[in-house]
Amino acid sequence: MPDKYVEKTKEKKDKITIEKIEKYQKLTSNALEIAKKSITRGKEKEAKEIIDMVSNYLADAGHFKEKGDLVNSFATLNYAHGWLDAGVRLDVFDVKDNKLFTVR
1 MPDKYVEKTK EKKDKITIEK IEKYQKLTSN ALEIAKKSIT RGKEKEAKEI IDMVSNYLAD
61 AGHFKEKGDL VNSFATLNYA HGWLDAGVRL DVFDVKDNKL FTVR
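Position one of the sequence shown corresponds to residue 1 (UniProt numbering), numbered consecutively onward.
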């Protein structure tokens, strides 16, 4: 017989909730603000493109959340943060925070 605690924990991890969406919206929004202040000199054009994409994906996530489409909201948040991580890995943003970004 499975442990009830394990079942509840697994159930929580298997669900996309409003709370999870809001957590990752805040996390990605904070990361975006840090990235905006950390643009590598000479990479302004690339940074603008990434910032625009992240901003658009964040807006899409909010739109999907309002419609009750939590799966697509969560997906667009992951795309948004992926763009930020790509910018860091490509030295478009000079950040050191390894809790918000995938840093070298």
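Cβ atoms here follow ideal geometry from the backbone N, Cα and C, with glycine treated the same way.
The alpha-carbon of K36 is positioned some 8 Å away from that of A47.
Sequence-distant Cβ neighbours of Y79 in its own chain, meaning closer than 7 Å and more than five residues away, are Y57.
Counting the other Cβ atoms within 10 Å of the Cβ of G68 gives fewer than 16, which makes it exposed. Within the model, the alpha-carbon separation for D91 versus K99 is close to 17 Å. Under DSSP, I39 takes part in a beta bridge, and its partners are F93.
The continuous stretches of alpha helix (DSSP H) do not include F101, and DSSP gives it neither H nor E. Membership of G62 in the alpha helix (DSSP H) is indicated by the continuous run 44-66. Contact between F74 and K15 is ruled out by a C-beta separation of about 10 Å, above the 8 Å threshold. The DSSP-derived three-state label of I34 is helix.
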